[in-house]
Amino acid sequence: MNDAIQLQSDIIRKNILAITAAQHRENASLSLQEKIAGAITAFSGSMAFVYIHAIWFGLWILLNVGLINIPPLSQFDPYPFGFLTLVVSLEAIFLSTFVLIAQNRLARQSEKRAELDLQINLLAEQKAAKVLEMLEQMVEQLDHANSRFNLTLDEEVKALKVSPQPEEVLDVIEKAINDETNDDKQSCEKSLKKMTEKEADSISDRNNWLGKIDS
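Heads up, the working numbering is the position in the sequence shown plus 309, with the first residue counted as 1.
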C-alpha cells in the first residue's frame, strides 16, 4: 500500500515538474518589453502601489494648500491641482496600456492551454473508444473458445466504441449553443411583450382615472 502511495506521489511530482518547466520556458521566451509590462502590471496590482500613491497624493495636496511649508516645493501646483490631474491622467493611460499588454499575453496562454485540453480530451476519447473495441474483440475470441460470457452489446456500447470526428462534436456543441441562445431570445421577447402590455394597460387605466377627475 505504501509503495502504491509513493508511486502516485512520484507521478504527481513528475507532472508538477513538467508543468513548472513548461512555465519557465514560456517565461524565458518573453521579450524584454513583455517582461517590463508584466512587472509593472504586477506592481500596480499590489498594496505597495496603493501606499505609494496615498503618500504621494497626500504630500502633493498638503504642499500645495500650504499646510506643509517647504519653500522650493510649496504651492507649485495650487488648487484645483491641474498639474496633478495631468500627471495622474498620463499615468492611467500608461498603466491601462501595460495591463492590456499583460492581458493579451495571458489570453494567448489561455488559448494554448485550451488547445492542449482539447487535444488531450480528444485523445482520451479515442483511447476509450479503442478500449471498447478491444474488449469487444476479446469477448468474441473467448466466445469462440467456448468460454461464453453471455454478453450482449447494446446500442449504446456500439455507439460509444465509434470515435466521432472533432468537427462533428464541434457542430453538435455549436448547434446546442445556438438552440439555447434562440430559446433565451424568445423568452426575453415574451417577457418584454408582457411588460409592454402591462405598461400600456397601466397608462390606459391612469388616463381613464384622470378623465373621470376632469369630468
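Glycine included, C-beta positions come from ideal geometry on N, C-alpha and C.
Close beta carbons around residue i, own chain, < 8 Å, minus the five adjacent residues each side
i: residue 385; result: 372, 373 and 392
i: residue 443; result: none
i: residue 381; result: none
i: residue 383; result: 372, 373, 375 and 377
i: residue 332; result: none
Residue i in three-state terms, based on DSSP
i: residue 379; result: coil
i: residue 390; result: coil
i: residue 347; result: helix
i: residue 367; result: helix
i: residue 355; result: coil
i: residue 385; result: coil
i: residue 451; result: helix
i: residue 395; result: helix
i: residue 405; result: helix
i: residue 339; result: coil
Same chain only: Cβ atoms within 6 Å of residue i, ignoring 5 sequence neighbours per side
i: residue 349; result: 407
i: residue 387; result: 373
Nearest-angstrom Cβ-Cβ length linking residue i and residue j, presumed shorter than 8 Å
i: residue 353; j: residue 404; result: 6 Å
i: residue 537; j: residue 343; result: This structure cannot speak to residue 537, because the chain is shown only from 310 to 524.
Assigned exposure category for residue i - 16 Cβ within 10 Å defines buried
i: residue 437; result: exposed
i: residue 351; result: exposed
i: residue 346; result: buried
Contact test: residue i Cβ vs the ligand HEM heavy atom, cutoff 8 Å
i: residue 416; result: Among the components of this structure there are no ligands whatsoever, and the ligand HEM is therefore not found.
Cβ-based neighbour list, residue i, same chain, cut-off 7 Å, excluding 5 preceding and 5 following
i: residue 398; result: none
- Message: Please give me, in chain order, every unbroken run of the alpha helix (DSSP H) with length at least 4 that falls completely inside the stretch 407 to 448.
- Response: Correct list: empty.
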